[in-house]
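A.B. asks:
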Amino acid sequence: MSNTTDMQTALATMPKAELHLHIEGTLEPELAFEFARRNGVRLPWRTLDELRAQYRFANLQSFLDLYYALMRTLRTADDFRDLMLAYLERAARDGVMHAEIFFDPQVHVFTDHVDYDTVLDGLREGLRLGAERYGVTGALILSLVRDMDVATADRILDMAQTRSDEVIGVGLDSAEAGHPPSMFVDQFARARSLGWHAVAHAGEEGPADYIRQALDLLHAERIDHGIHILDDDELEARVIRDRIPLTCCPLSNLRLQVVGSIDDHPLPRMVHDGLVCTVNSDDPAYFGGYVAANYAALASTGMPLDMLAALAANSIEASFADDADKERMRGRLARWRDEHGL
Ligand SMILES: [Zn+2]
């Protein structure tokens, strides 16, 4: 690559899947203001600049406080549809062919008093239109919010059950410390009985033992973040052996101060050890970049293009897409590799 712009273009056209993306985390300040205006929701910030000034986070909790405040602007199925469409349009520009997308219905239903069906109808309509307009296939993972009352997780699963074929999996997110996977054994068993895949955030701020719990107790097929696996050699050897994918989010880790600088990010070491890592944007409206910017951040540390392409290949293999879709993505990535002499 002759320069940074060429590298950025190459990474934005590289075919990939995105596997760790919270749809609520794609709510850009402009869109939040628009939703607030059309729904008559009062926000504590009068101007976009005042709102943007809130985006300096000391840790996971300070981010979550803003995240939940802005989520209150989402009221109608049209809001959820427009949010999804805005993400898919942006993702297509980053070379995303397929996205598996978290949503947090407990917050919408129990905190913000929006019906589950309203949320699901809007997101599904957004996925349908997004596939048509931008050629990105998408699927939904219902994420349980680990720091809300566990009883609300049960009630959401009651609501989700009648439309279980519109969701492909269950996840576990939000404030990790003090909310171990062991609290959600029953809910995950129930979700898996619906035929859903299971994934869980673990080892982001929490200890490596939370990763072990997610695997042993929740039967997670992928671990979201998982960077604290490096603290536990025995567990790391097992995850390498069983080829359990990790959905890493470098810019998120940087913004939430899980790592001090992008050069300190453990992803190169994780890849070198043999872990199946993928690159994702997590909550891109909050963390300074969509998925191609996350690849570009790794490129800026000196990671070569063939290793970045291998991470994109991992994202395709680690997805829950069917064989035909995976084959289509592999073909596109192979062509891209040829074009770039890899
Ligand atoms: Zn996340």
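For the sequence shown, position 61 (counting from the first letter as 1) is numbered 61 according to the UniProt record's numbering, and the numbering increases by one without interruption. We treat Cβ as the ideally placed atom computed from N, Cα and C, and that holds for glycine.
#1: Out of curiosity, what's the CA-to-CA distance linking Thr111 and Thr73?
#2: Taking all protein chains shown into account, do 16 or more other C-beta atoms lie within 10 angstroms of the C-beta of Glu24, making it buried, or fewer, making it exposed?
#3: Applying the 10 Å Cβ sphere with the 16-neighbour rule, what's the burial state of Leu256?
#4: Have a look at Gly130, Glu236, Leu194 and flag the residue whose alpha-carbon is nearest the alpha-carbon of Tyr210.
#5: Going by DSSP, which residues form a beta bridge with Ala99?
#6: For Val119, which three-state DSSP category applies?
#7: In angstroms with no decimal places, state the Cα-to-Cα distance between Ile141 and Ser261.
#8: Quick check: the stretch 42-55 against the stretch 306-313, are there 3 or more CB pairs under 8 Å?
#9: Just mark Asn3 as buried or exposed, buried being the case when its beta carbon has 16 or more other beta carbons within 10 Å.
#10: Using a Cβ-Cβ cutoff of less than 6 Å, which residues in the same chain neighbour Val109 once the five nearest sequence positions on both sides are dropped?
#11: With a cut-off of 6 Å, give the chain-ordered residues whose Cβ is closer than this to any heavy atom of ligand 1.
#12: Could you pull the start and end residues of the beta strand (DSSP E) that Ala202 belongs to?
#13: Would you mind working out which of Ala191, Pro245, Gly226 sits nearest Asn253, comparing C-alpha positions?
#14: Where does Val239 fall in DSSP's three states?
#15: When the Cα of Leu88 is compared with those of Asp216, Tyr290, Met14, which residue comes out closest?
#16: Whose CA, out of Leu70, His20, Leu64, Phe57, lies closest to the CA of Arg37?
#17: Quick check for students: name the residue ranges of the beta strand (DSSP E) that lie wholly in the stretch 285-319, counting only runs of 3 or more.
#18: Let's see if you can read the secondary structure: which residues bound the alpha helix (DSSP H) around Arg90?
#19: Would DSSP call Gly126 helix, strand or coil?
#20: Where DSSP assigns a beta bridge to Val150, which residues make up the other side?
#21: Can you tell which of Lys16, Ala17, Thr26 has its C-alpha closest to the C-alpha of Thr288?
#22: Are Ala198 and Ala191 touching if we call contact CB-CB under 9 Å?
#23: What does Asp173 pair with, by DSSP beta-bridge criteria?
#24: Taking just the CA atoms, how far does Thr301 sit from Ser164?
#25: For Phe57 versus Leu66, is the C-beta distance shorter than 9 Å?
#26: Mapping DSSP to helix, strand and coil, what is Ile244?
#27: Which residue or residues does DSSP assign as beta-bridge partners of Asp158?
#28: Could you tell me whether the Cβ atoms of Val114 and Phe103 are closer together than 9 Å?
#29: Sorted by chain position, which residues of the same chain lie with C-beta nearer than 6 Å to Glu125's C-beta, five sequence neighbours on each side aside?
#30: Along the chain, where does the beta strand (DSSP E) containing Asp223 start, and where does it finish?
#31: Between Val167, Leu144, Pro284, which lies nearest to Leu127 when the distance is taken from Cα to Cα?
C.D. replies: Checking against the coordinates, here is how it stands:
#1: The alpha-carbon atoms of Thr111 and Thr73 are separated by roughly 12 Å.
#2: Counting Cβ neighbours within 10 Å, Glu24 comes out buried, since at least 16 surround it.
#3: It counts as buried.
#4: The residue with the shortest Cα to Cα distance from Tyr210 is Glu236.
#5: Per DSSP, the beta bridge partners of Ala99 are Glu18, Gly138.
#6: DSSP places Val119 in helix when its eight states are reduced to three.
#7: Their backbone Cα atoms lie some 30 Å apart in a straight line.
#8: No, the stretch 42-55 is not in contact with the stretch 306-313.
#9: A residue is called buried once 16 or more other Cβ atoms fall within 10 Å of its Cβ, and Asn3, having fewer, is exposed.
#10: Non-local C-beta neighbours of Val109 in its own chain, meaning closer than 6 Å and more than five positions away in sequence, comprise Tyr116, ordered along the chain.
#11: The set, ordered by position in the chain, is His20, His22, Asp173, His201, Asp224, Asp282.
#12: That run of the beta strand (DSSP E) goes 197-202.
#13: The candidate whose alpha carbon is nearest that of Asn253 is Gly226.
#14: For Val239, the secondary structure class from DSSP, reduced to helix, strand or coil, is helix.
#15: Nearest option by C-alpha distance: Tyr290.
#16: It is Leu70.
#17: Listed in chain order, there is nothing to give.
#18: Arg90 -> alpha helix (DSSP H) spans 77-93.
#19: Helix, per DSSP.
#20: Partner(s): none; Val150 has no beta bridge.
#21: Residue identity check: residue 288 is Gly in the sequence provided, not Thr. Closest option to Gly288, Cα to Cα, is Thr26.
#22: The Cβ atoms of Ala198 and Ala191 lie closer than 9 Å to each other.
#23: DSSP, once it has assigned bridges, lists Val145 as partnering Asp173.
#24: One Cα belongs to Ser164, the other to Thr301, and the distance between them is close to 42 Å.
#25: Yes.
#26: Per DSSP, reduced to three states, the secondary structure at Ile244 is coil, with no helix or strand assignment.
#27: Paired residue(s): none; Asp158 is not in a bridge.
#28: With contacts defined as CB atoms closer than 9 Å, Val114 and Phe103 fail to qualify as a contacting pair.
#29: Apart from sequence neighbours up to five positions away, the residues of its chain that approach Glu125 with a beta-carbon distance below 6 Å are Arg81, ordered along the chain.
#30: The sequence shown places Ile at residue 223, not Asp. Run containing Ile223: 222-225, per the beta strand (DSSP E) assignment.
#31: Of the candidates Val167, Leu144, Pro284, the one whose C-alpha sits nearest the C-alpha of Leu127 is Val167.
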